[in-house]
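Asks: Top to bottom, those sequences are chains A and B. Residue numbering for the first sequence follows my numbering, starting at 1 and increasing by one per position. Residue numbering for the second sequence follows my numbering, starting at 1001 and increasing by one per position. Built from N, CA and C at the ideal position, the CB exists for glycine as well.
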Amino acid sequence: MWKTILRRVLIMIPQLILLSILVFILAKMMPGDPFTGLITPQTDPAQIAHLKAAAGLNDPWWTQYFHWVVNMFHGDLGQSYTYKRAVTGLIGERAVNTFWLALLTVVISYGIAIPFGVIAGRYEDTLRDKSIQLYTFVLLAMPSFVFYLFGLVVFGYVLQWFPTSGYVSLNADPGTIGYWGSRLYHMILPALVGGLVSTSGTIQYLRAGVIDNTNEDFVRTARSKGVPERVVFNRHILRNSLLPIAAFLGNSITGLLGGSIYVETIFSYQGMGQLFVSSITANDYSVITALTLLFGFLTLLGNLLSDIIMSIVDPRVRVE
Amino acid sequence: MSKKSILGSVTMVAALTVLLAACGSKSNSSSSSSSSTKQQTFPLATTNKKAAVKGATLNIAVVDDSPFKGVFNEELYDDAYDADFMTPAAESLFGTTSGFKFNDKGAASIKFDNDKKTATIEIKKNVKWSDGKPVTAKDIEYAYEIVANKDTSTSRYTGSLQNIEGLSEYHDGKSKTISGVEMPDGADGQKVILHFKQMKPGFTQSGNGYFLESAAPYHYLKSVPFKKLASSDQVRKSPLFFGPYVMSKIVPGQSVAYTANKYYWKGEPKTKKLTASVVSTSSIVSGLKNKKYDIAMEMPTDNYSSYKNVKGYKILGKEDLSYTYIGFHVGKWDAKKGVNVMDKNAKMNNKSLRQAMSYALNLDEINNKFYPGLRSTGTTLIPPVFKEFHDSSLKGYPLNIKKANKLLDDAGYKKGKDGYRTDPNGKKLTIRFASMAGGDSATAIAQDYIQQWKKIGLRVKLTSGRLLEFQNFYDKIQNDTNDYDVFQAAWSLSSEPSPADLFSEQAPYNFSRFVSKKHNKLIADIDSEASLNADHRKKAFYAWQKWMMDQDYVEPVQYRTNVTPVSNRVKNFTIQWGSSPWNEVELTAKD
């Protein structure tokens, strides 16, 4: 087991190096640069050209890449061109926001999806199942941003139960309990709608798993041996039905840090998704490369986590 | 995003000019333009007459889909939205009229001496930073040092500013001070004399770019090295200004709380608390319907119909300092020599063809359909907001298919059997049109243009077969890639409308790349010594506009109106160019 993990971690190193080179080249291949379009009658093209040269953007990519790697090992990911501040600080700030929102979203999502999926599967074709099915189809059919907007308008603007934008109240002072309370309060609505939207997939998987497993031979055997129904369901059916969801868990934990561009934009919640998209449209190279590398690392880590989780819950996939 | 960026740069200048504001809030209306589209007339100010209440907080929404950048320094910010957040706190040094001329009503006055080639700036006695320290000559000098110092790496260091004596020497590190910024009464005095290499006719007009219109608190910022200024707490967390409000609390990227500046030189503002927050374009209309905000800045116009009748609000509007234009590409930029070079054989280098293409467009219909009341068809390259310089006798190129066909027939563009014209040499003619993506209507408008051009027998195709994303578009236009003949773009203008930076032979921004001896003369005359005389300058502007419209290398297609929804409980607020309503604004209901 530990050997496997170590091997996987070691493989990640060349993967990440390759990824960083690829990302670096692709970012440079995009038309324009951070200074393209910074044109008003008051900006002087000569000064723009000068700034571009000073930022090293006229050097060949391998020179730029080399500088970037050297700086990275000194903990310096460069300066954001649009935000005019250090990339590490910028990403750090956003990552914290995204992490807490994502965590709450996952808790809400699985908190709702698992019982719903189990109920739907266990009581197949009853009214309960059909209602849950209806719920998942409506959610699946509706574009997610429409659902977010709907949530925002109803609970934010009309009922005014929750704040409508931002991640913390202006009146809260950092470090106080009120500050964290305010942050939680700002997170509830986006997390709730985000969580609800992501329940439908999980519910469907779980329901299908429960139904399939109910008809498996080992379940029939258990039943015929007179194993109590509660044990049959919890040990045999549920545990096996959770496998595909467990396989996703690792990725959904790390994928969370990628943030959601829709939720973040609609709720004006500052997170990683928005930062990533805006950095691409603005050709903010230093932010693009740092984020892509981070996301790449998280994906690899997510796969590893998934495998570890799988080997814990499913003895069949354990590798020696 | 692309559209937004362009709008972003438009509003940047708009916001800048609000910053350069003076007192006096007249409530007259913006005039509609002279073209045939009806640009609606909006009020410029609130008319609320009710009694004000005490203790209410005024809430501003800044409509944007990204967090603000947070560079709260007038010398360093690049982003229009940062300027919006600064408006209640940062005030320009000089007062201006609604026609963008400097007057004496601001925190400092400016007087020019054409013989000595100087400008004398005098700060009023009671002008203080919000920490109570007086604004001094050193603070004005420091603003120049911030912009000119190499370490701040700001895009605001320009060729125009280098007209100040000694500025480039300071920038290059050859001199420790800027010789052209003189402080006759010492650093703590209130007088600064700027020495110029050359006097320019644009000096009297705000936004001219030849000198700064801001001061920076030296005593507060001096401990921060220039290199770290833009990322410092003194700029991002607790910036210092001398305007009516203090940015008392900043939640990075999200919102700002303001309190009244008790040292404000015109007296403490009447409303004690303001807040401003970023609100997404998708939720602002709901926000207005539920009365969450009192003033909405940067309101998008694509969805105007969804909020134009929103209850409890009044929509204020004014003509924007911008226009959309179609450029005909006739040459390229020679970076080595620093000049535009016209290509005699360029496809578009035919006046009849250009004029025909302009006559073929049904701009009135587009403006009325997509932006009812908010856009009008362009008639000259100086928009009507510049009342002094705009030539209203010019009518542009109103729709006239017959005339367009005749122009092409006479110029030898013969129609083939397929209904498309060949060029005068009898060769197949395909015109490539580069247009930017963005907004809900961009595709429909580009398709409409192409259809109209087809009506006069011109085969026009989109460059790359689709609309171009902002970066991609400007990458092509700035580098003269060989895959477009016609393009549509927009300019935001500074409040000094000299066209030299946009259209002269030496201007990299002259994206059409046209050059003409006659034009060189006309454009030079606008900024010549003779134009120090206002009448001469006006005539020079008129002559230039006439020539430009006739040659039609650049066809103005659209003027814009900026709208600002303001809640009915707001009193004494105005968006008039040159006005600064913030110390007067009041609320007449608790919520």
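1) Mind checking which residues open and close the beta strand (DSSP E) that includes Ala1061 (chain B)?
2) Nearest chain A C-beta to Val1256 (chain B) closer than 9 Å, yes or no?
3) Taking Cβ positions only, does Leu152 (chain A) come closer than 9 Å to chain B?
4) So which residues on chain A does Ala1230 (chain B) lean against when the C-beta distance must stay under 8 Å?
5) So, is the C-beta of Ser1277 (chain B) closer than 9 Å to a C-beta in chain A?
6) Determine contact between the segment 1054-1066 of chain B and the segment 1236-1246 of chain B, defined as no fewer than three beta-carbon pairs at a distance below 8 Å.
7) Quick one: is Ile1431 (chain B) buried, meaning 16 or more other Cβ sit within 10 Å of its Cβ, or exposed?
8) Which complete alpha helix (DSSP H) runs does the segment 1293-1365 of chain B hold, if anything under 4 residues is left out?
9) Compare the C-beta of Gln1478 (chain B) with all C-beta atoms of chain A and state if any pair is closer than 9 Å.
10) Closer than 9 Å, CB to CB, is Pro1556 (chain B) near chain A or not?
11) With contact counted as at least three CB pairs below 8 Å, one residue from each stretch, are the segment 1390-1406 of chain B and the segment 1104-1112 of chain B in contact?
12) In angstroms with no decimal places, state the Cα-to-Cα distance between Leu1076 (chain B) and Gln1234 (chain B).
13) Does the beta-carbon distance from Leu1381 (chain B) to Val1557 (chain B) come in below 9 Å?
14) Kindly say whether Lys1590 (chain B), judged by its beta-carbon, lies nearer than 9 Å to any beta-carbon of chain A.
15) Please identify the residue among B:Gly1373, B:Gly1412 and B:Ile1123 whose C-alpha is closest to the C-alpha of Thr1301 (chain B).
16) Starting from Leu310 (chain A), trace the alpha helix (DSSP H) in both directions and tell me its first and last residue.
17) Alpha carbon to alpha carbon, what distance is there between Leu19 (chain A) and Ser169 (chain A)?
18) Can you confirm whether the segment 1522-1541 of chain B touches the segment 1339-1352 of chain B when touching is taken to mean that 3 or more C-beta pairs between the two stretches lie within less than 8 Å?
19) Within 10 Å of its beta-carbon, does Leu101 (chain A) have 16 or more other beta-carbons around it, so buried, or fewer, so exposed?
20) Does the pairing of the segment 1178-1189 of chain B with the segment 1131-1138 of chain B give three or more beta-carbon distances under 8 Å?
21) Round the Cβ separation of Pro1581 (chain B) and Leu1288 (chain B) to the nearest angstrom and send it over; I've been treating them as touching at under 8 Å.
22) Using a Cβ-Cβ cut-off of less than 7 Å, list which residues of the segment 1317-1332 of chain B approach chain A; keep chain order.
23) Examine the Cβ distances between the segment 1269-1279 of chain B and the segment 1547-1557 of chain B and report whether three or more of them are shorter than 8 Å.
24) Counting only Cβ pairs nearer than 7 Å, list the residues of chain B close to Tyr167 (chain A).
25) With C-beta atoms as the reference, is Ile1295 (chain B) less than 9 Å away from Tyr1307 (chain B)?
26) Distance, Cα to Cα, Leu152 (chain A) vs Ser252 (chain A)?
27) If you draw a straight line from the C-alpha of Ala1540 (chain B) to the C-alpha of Phe1389 (chain B), how long is it?
28) Provide the residue span of the beta strand (DSSP E) that contains Pro1556 (chain B), from first to last.
29) Does the segment 149-167 of chain A come close enough to the segment 177-195 of chain A that 3 or more CB-CB pairs lie under 8 Å?
30) Could you name the residues of chain B that Gln64 (chain A) contacts, counting a contact when the two beta carbons are closer than 9 Å?
31) Excluding five sequence neighbours on each side, which residues of the same chain lie with their C-beta closer than 7 Å to the C-beta of Pro174 (chain A)?
32) State the start and end residues of the unbroken alpha helix (DSSP H) segment that holds Ile108 (chain A).
33) Measure how close the beta-carbons of Asp1172 (chain B) and Lys1227 (chain B) come, nearest whole angstrom, since I'm counting them as under 8 Å.
34) Return the residue from the list B:Glu1169, B:Ala1215, B:Lys1291 and B:Lys1125 that minimises the CA-CA distance to Val1310 (chain B).
35) Excluding the 5 residues flanking Ala1260 (chain B) on each side, which residues of the same chain have their C-beta closer than 6 Å to its C-beta?
36) Is Phe267 (chain A) close to chain B, meaning its C-beta is less than 9 Å from at least one C-beta of that chain?
Replies: The relevant details are as follows:
1) Thr1057 to Val1063
2) yes
3) It does: the Cβ of Leu152 (chain A) has a partner Cβ on chain B nearer than 9 Å.
4) Lys84 and Arg85
5) yes
6) no
7) buried
8) 1351-1360
9) yes
10) no
11) no
12) Near 13 Å, if we compare the C-alpha coordinates of Gln1234 (chain B) and Leu1076 (chain B).
13) no
14) no
15) Per the Cα distances, B:Gly1373.
16) For clarity, residue 310 (chain A) is Met in the given sequence; the question names Leu instead. Start and end: Tyr285 to Val313.
17) 39 Å
18) no
19) Leu101 (chain A) is buried by the Cβ-count criterion.
20) yes
21) In fact, because the Cβ distance is near 20 Å, the residues do not count as touching under 8 Å.
22) Residues: none.
23) no
24) Gln1254
25) no
26) 24 Å
27) 9 Å
28) Pro1556 (chain B) -> beta strand (DSSP E) spans Val1554 to Ser1567.
29) The segment 177-195 of chain A, when compared against the segment 149-167 of chain A, does touch it at the 8 Å Cβ threshold.
30) Ordered by position in chain B, no residue passes the 9 Å Cβ test against Gln64 (chain A), which lies about 17 Å from the chain.
31) none
32) Val87 to Arg122
33) The Cβ separation is near 17 Å, so there is no contact.
34) B:Lys1291
35) Glu1268, Pro1269 and Lys1272
36) yes
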